[in-house]
């Protein structure tokens, strides 16, 4: 089964750390949506979307990428890193329009220094840690 993960990792590299570990252990192609706004996803059997959570949403580059490039009726999975809590609504609205089926969701804490968190030196320091990364790898292996 051919898999790709489209990701955005903007502030601390939390999401990138996870998807690169997944790519090392699983046969997965990585597409950085911040650097690449177009890609032909039609040959993939399953497509992952991975992002940090910004204002309770997936990163804007991921949302635009999915809207523009995701073919209809694809199997997808979702991965997010967050300081506060996981939130998949923004990407799920696009996936619904594309009739995609979500085969799984994975989320874990990620170091966050946005806004008021900066005043206290950030939250979720040290995350994603080795256990978070291993859980993410297992999640993709089990899809």
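In my numbering, the protein residues as written are 673 to 815.
All C-beta atoms, glycine included, are put in the ideal place defined by N, C-alpha and C.
- From the listed residues 698, 703, 773 and 790, the smallest Cα separation to residue 680 is found for 703.
- Note that the C-beta distance between residue 684 and residue 783 is below 8 Å.
- A residue is called buried when at least 16 other Cβ atoms come within 10 angstroms of its Cβ; residue 791 does not meet this threshold and is exposed.
- With contacts defined by Cβ atoms closer than 8 Å, residue 677 and residue 700 form a contacting pair.
- If you draw a 10 Å sphere on the C-beta of residue 689, you find 16 or more other C-beta atoms in it, and that means buried.
- Note on geometry: alpha-carbon atoms of residue 707 and residue 766 lie some 21 Å from one another.
- A buried status is given to residue 762, since no fewer than 16 other beta-carbon atoms sit within 10 Å of its beta-carbon.
- In the structure shown, the three-state DSSP call for residue 744 is coil.
- One alpha carbon belongs to residue 715, the other to residue 687, and they sit about 24 Å apart.
- Taking 8 Å as the cut-off, the beta carbon of residue 742 is found closer than this to the beta carbon of residue 713.
- Setting aside the 5 residues that flank it on each side, residue 772 is surrounded in the same chain by 746 and 748, each with a C-beta closer than 6 Å to its C-beta; the list follows chain order.
- The continuous beta strand (DSSP E) containing residue 774 extends over residues 773-781.
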